[in-house]
Structure formats: C-alpha cells, structure tokens
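A.B. asks: Below is the structure I would like to discuss, written out as structure tokens.
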C-alpha cells in the first residue's frame, strides 16, 4: 500500500538501469501497489493513486523501455503490466490466468485479460506475462511464440516456501526450452504480513541454461545481456515445439504486435551478468525467510523493538536469534520470568543466549503473581483436583507481563510457538500465544533443531 515509497524506489532503479545503457528495465507484479493489495482494491482513491504513480514511472522512461506492475482501472480492474518507452505509455498487458487458491484470491478482484501482445523493442520481439500466466503449459507464451516472440518477460509476486527456488528454475527453463525462446522471470522481494517474497529472479535461454540469476532474499538490480542472434541461429533448424498447441490459438487469447522501437543501438557498453548459483542450503533459505519476514513485519507496522519471553528452551532461543539477526541486538529485549517450577538451567541458559547475542535481558519473577492468583481462586477451586487450569496460570501471567511491557514502551511481542505445537493445540490461549507476530508458527519442531544447528555453525 506504500504507493509513494514503491514508486520512488522504482524510479531510482530505472535511473540506474538507464545509466547502464540498458534497453529495458522491468519491475515485479503490482510493484506500485505492493502484493497482495487485498481490499485496498475497493478504494477508488487507492486505485487512482496507483494509476498516477504508473504514469509518473512511465514519464521517467526517457531513452529506455520500462515494464511495471500496477492495477489498471476501467469498467473493471485488472492485474496489469504497463509498458512505457521514452516517456510515453505504449500499451498495457492484462494478466490472463488469475490464481484463486491458497493465499491467492485474484479472481475476487480482477478481470482476466484476453490479449497476448508481442512488443518490438529495439528490434527484439518481447512478450509479457504476469506470474500465473507462465505456469500454464499452454498459455500466453504459446500465442506469443507463434507471433514471433524471442523473449518473454514474466513479472511476479511469488511467495516463498521451502524448495520454491528449485521449482521455479525447473519451470522457467522448461518453458524456455519448450518454446525455443528466452524467459526472464523476475520476482518481488520482502515480507508482507505472513508472506515472504524471496526475489531469486532468473533468466533461462532456449537451451535450459540459466544465463543470469539474481540473489535470493536481497533487493538488487539484476542485469543481463541477451544474445538474440544466437537464439535465432538455434531456431533456424529447430523441430516443432515439445508442447502440443491447440489448433485454435484464439482459445487462449488474441494476438497483436506493437512496434515500440525498431532501431538497435550499436557500440553500447555490455551489461554485467548477475550470476547467483541459486543453491542456498535448504535450511539456510528457510532461516533467511524468517529473518526477512520478521524484519519487514516490524518495520512496516512501525515497531522499532521486539520483546520476547525467554524460557531457556530452543524455541525461544531460535525466535530470539532470528529477531536479533533481523533487527540488531540493540532492538531486541528478552524477558526471563522464573517461577517456583523453573530450573537454574532455564535462567542460566537465557542469560547465556543474551550474552552470546549481545542483547538486553530482563528478569521478572512471577512467583508473587502466581501466589496471588492461587490465593484469589482458592475458595472457588476448593474441593477440586488441580488440572490444566492451574498449569496454564503461569503462561497467562507471563503473557500478561509481556503485553504490559509492550504497552508501556511500544515494543512488539514475538511469540515462540512452533508449527508442531500449534498443530497439536499445545499452547495456552492468552498465554504463550499472546503477541503480535508468530515468527516460527510455520516451522515444525524437527526443523527448529536444524535451523539452530545451521545458525550455530
């Protein structure tokens, strides 16, 4: 929703690309609004601001082609990519395949596009696609290839999950090889609520070779020079595409060709290829996703510090370490809250963790509050056997203390429950579930141990 901030960043990178003498610069799906915009899409003022921002980006495209994701307004709205060149809006591509599963509900908001355009930019035929469009085996890319496309630029807002990078690489290289063209896949980056977008943009040639790959979990301007002549040479004797195409391509969408700029400038300095090996350790990529998600959630919600209850256990240790890596040790405060049942080890382990991370640790004994609770309820509980109600008092006292400190200083409480506990209901409502962000709620207990082992190495 930070249209102003997103637009400023887009123009900053556009100017960098122009200084490098790039022919085209592309930005992710809904880069102007952020993804997912959800019910902000029902606000006319938001939509108008987004269109004005797109026009501002296009106006900045002097001497360079720019592709940027935004929301197109009309009778309906569409998830769109604007193509600007030399300060003018050339055309708008509308996303055709709208996902409506998992975290995606685009069909609720957007109208599907019906046109599969090819744009001639500096002599190169370029097809555009938006995220889900390229996941369809026979989709817009099929029509665009038939119309002469040599390069597909697919802009994305594709959330991270463990192993997603390898899935994307296989998909992109397969689409490139099946259609005999180059595919440039770019993805947004950053945390948005409980989603994490990991970047990991990539370019595959028609021979399934990754000619460029950007870093995961790092914002960057990825540059690459594409050898279109080599592509044309390889096409001269190519067999029919591997993918079976429908007899009537109109079933997919209408084709059109738009001439943007036919002249290919000569004697330009080559662009440096960005080549990340794309082979993050599976545990490392999860850890980096947790760090990015935590950092961006606190920053975007306006919190400067995190507050965590430390028990001396591995879950709170992992949560705290992620928070320190995300925010810095000066912005994380741990609170140890011992009771009559706490071991010496729980206190000493919490202190050792704080010392190792260089962060502040408070100690707030809960025994006085625990005794007061027992005394207040004694007459009402008389004649009953102790059960889970008494057991949960400690967790609820600790949750109350953390939320009171949070309320006093404006720090966000991070909860420490893992996915295995959440799945089994092994948590206390208004106790250890009380907080603003659950860092490891999607991390199974077995992975908690693996993450800690990786971080310690």
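Residue numbers (this note's numbering): 11 to 467.
C-beta atoms are modelled at their ideal positions from N, C-alpha and C, and glycine is treated no differently.
Using only the alpha-carbon positions, how far apart do residue 421 and residue 341 sit?
C.D. replies: Distance between the alpha carbons of residue 421 and residue 341: 9 Å.
A.B. asks: Measuring straight from C-alpha to C-alpha, what distance separates residue 88 and residue 26?
C.D. replies: Rounded to whole angstroms, residue 88 to residue 26 spans 29 Å at the Cα level.
A.B. asks: Under a three-way DSSP split, which group does residue 208 fall into?
C.D. replies: Of the three classes helix, strand and coil, the one that applies to residue 208 here is strand, per DSSP.
A.B. asks: Would you check if the segment 27-34 and the segment 118-136 touch, i.e. whether three or more CB-CB distances between them fall below 8 Å?
C.D. replies: A contact exists between the segment 118-136 and the segment 27-34.
A.B. asks: Report yes if the CB atom of residue 178 is closer than 7 Å to the CB atom of residue 227, and no otherwise.
C.D. replies: Cβ atoms of residue 178 and residue 227: not closer than 7 Å.
A.B. asks: Can you give me the Cβ contacts of residue 198 inside the same chain, cut-off strictly under 6 Å, excluding the 5 residues immediately before and after it?
C.D. replies: 38, 167, 207.
A.B. asks: Measure the alpha-carbon distance for residue 391 versus residue 315 and round it to whole angstroms.
C.D. replies: Near 40 Å, if we compare the C-alpha coordinates of residue 315 and residue 391.
A.B. asks: By Cβ distance below 8 Å, which residues in the same chain neighbour residue 113 in space, the five residues on each side in sequence not counted?
C.D. replies: Same-chain partners within the cutoff: 46, 169, 205.
A.B. asks: Do residue 163 and residue 191 have their CB atoms nearer than 7 Å?
C.D. replies: For residue 163 and residue 191, no; Cβs fall outside 7 Å.
A.B. asks: Could you check the C-alpha separation between residue 111 and residue 356 for me, to the nearest Å?
C.D. replies: Taking the straight line joining both Cα atoms gives about 43 Å.
A.B. asks: Within 10 angstroms of its Cβ, does residue 118 collect 16 or more other Cβ (buried), or is it exposed?
C.D. replies: So residue 118 ends up on the exposed side.
A.B. asks: Ignore the nearest five residues each way along the sequence and tell me which others in residue 305's own chain have a CB closer than 8 Å to its CB.
C.D. replies: Answer for residue 305: 201, 336, 337, listed in chain order.
A.B. asks: Can you tell me which of 300, 48, 84, 443 puts its alpha carbon nearest to the alpha carbon of residue 465?
C.D. replies: Residue 300 is the option with its Cα nearest to residue 465.
A.B. asks: Tell me whether residue 350 is buried or exposed, calling it buried when 16 or more other Cβ atoms sit within 10 Å of its Cβ.
C.D. replies: By the 10 Å Cβ count, residue 350 comes out exposed.
A.B. asks: Would residue 266 and residue 127 qualify as a contact pair, given that the criterion is a beta-carbon distance under 7 Å?
C.D. replies: For residue 266 and residue 127, yes; Cβs fall inside 7 Å.
A.B. asks: Runs of 3 residues minimum, wholly inside the segment 142-199: which ones carry the beta strand (DSSP E) assignment?
C.D. replies: For the segment 142-199, whole beta strand (DSSP E) runs of length 3 or above, ordered along the chain, are 161-166, 192-197.
A.B. asks: Assign residue 214 to buried or exposed, taking buried as 16 or more other Cβ atoms, counted over all protein chains shown, within 10 Å of its Cβ.
C.D. replies: By the neighbour-count rule (16 or more Cβ atoms within 10 Å), residue 214 is buried.
A.B. asks: Please report the residue range of the alpha helix (DSSP H) in which residue 403 lies.
C.D. replies: Residue 403 -> alpha helix (DSSP H) spans 398-419.
A.B. asks: Counting along the chain, where does the alpha helix (DSSP H) carrying residue 378 start and finish?
C.D. replies: 377-391 is the span of the alpha helix (DSSP H), which, as asked, contains residue 378.
A.B. asks: When the Cα atoms are used, what is the spatial distance from residue 125 to residue 84?
C.D. replies: If you take the alpha carbons of residue 125 and residue 84, they lie about 16 Å apart.
A.B. asks: Please classify residue 370: does DSSP put it in a helix, a strand, or coil?
C.D. replies: The answer is strand: DSSP assigns residue 370 an E or B state.
A.B. asks: Could you check the C-alpha separation between residue 468 and residue 374 for me, to the nearest Å?
C.D. replies: With the chain represented from 11 up to 467, any question about residue 468 goes unanswered, as that position is not in the structure.
A.B. asks: Measure the C-alpha to C-alpha separation of residue 147 and residue 30 and round it to an integer number of angstroms.
C.D. replies: About 35 Å.
A.B. asks: With a cut-off of 8 Å on the beta carbons, I'd call residue 93 and residue 86 a contact; round off their distance for me.
C.D. replies: Residue 93 to residue 86, Cβ: 20 Å. No contact.
A.B. asks: Assuming the contact rule is C-beta atoms closer than 8 Å, residue 7 and residue 440 should be a hit. Round their C-beta distance to whole Å, please.
C.D. replies: The structure shown does not extend to residue 7, since the chain is modelled only from 11 through 467, so no value can be given for it.
A.B. asks: Which term fits residue 224, buried or exposed, when burial requires 16 or more other beta carbons within 10 angstroms of its beta carbon?
C.D. replies: The residue is buried, with at least 16 neighbouring Cβ atoms inside 10 Å.
A.B. asks: If you count every other CB in all the chains shown that lies within 10 Å of the CB of residue 428, and 16 or more means buried, which is it?
C.D. replies: Classification for residue 428: buried.
A.B. asks: Between the alpha carbons of residue 160 and residue 186, how many angstroms are there, rounded?
C.D. replies: For residue 160 and residue 186, the distance between alpha carbons rounds to 10 Å.
A.B. asks: Could you spell out where the alpha helix (DSSP H) holding residue 292 opens and where it closes?
C.D. replies: From DSSP, the alpha helix (DSSP H) with residue 292 extends over 292-310.
A.B. asks: Throw me the rounded Cβ distance for the residue 21 and residue 67 pair, which I believe falls under 8 Å.
C.D. replies: That pair is a contact at about 6 Å.
A.B. asks: CB-CB under 6 Å to residue 404, same chain, minus the five flanking residues each way: which ones, in chain order?
C.D. replies: Excluding residues within five positions, the ones whose Cβ falls inside 6 Å are 349.
A.B. asks: Residue 291: buried (16+ other C-beta within 10 angstroms of its C-beta) or exposed?
C.D. replies: Its Cβ having fewer than 16 others within 10 Å, residue 291 is exposed.
A.B. asks: Starting from the N-terminal side, write out each stretch of the alpha helix (DSSP H) that is 4 residues or longer and does not extend beyond the segment 315-373.
C.D. replies: Runs found: 324-337, 354-367.
A.B. asks: Just mark residue 154 as buried or exposed, buried being the case when its beta carbon has 16 or more other beta carbons within 10 Å.
C.D. replies: By the neighbour-count rule (16 or more Cβ atoms within 10 Å), residue 154 is buried.
A.B. asks: Among 384, 76, 414, which residue has its Cα nearest to the Cα of residue 402?
C.D. replies: With distances taken between Cα atoms, residue 402 lies closest to 384.
A.B. asks: Looking at residue 425 and residue 448, is the spacing between their C-beta atoms short of 7 Å?
C.D. replies: Cβ distance < 7 Å, so residue 448 and residue 425 count as in contact.
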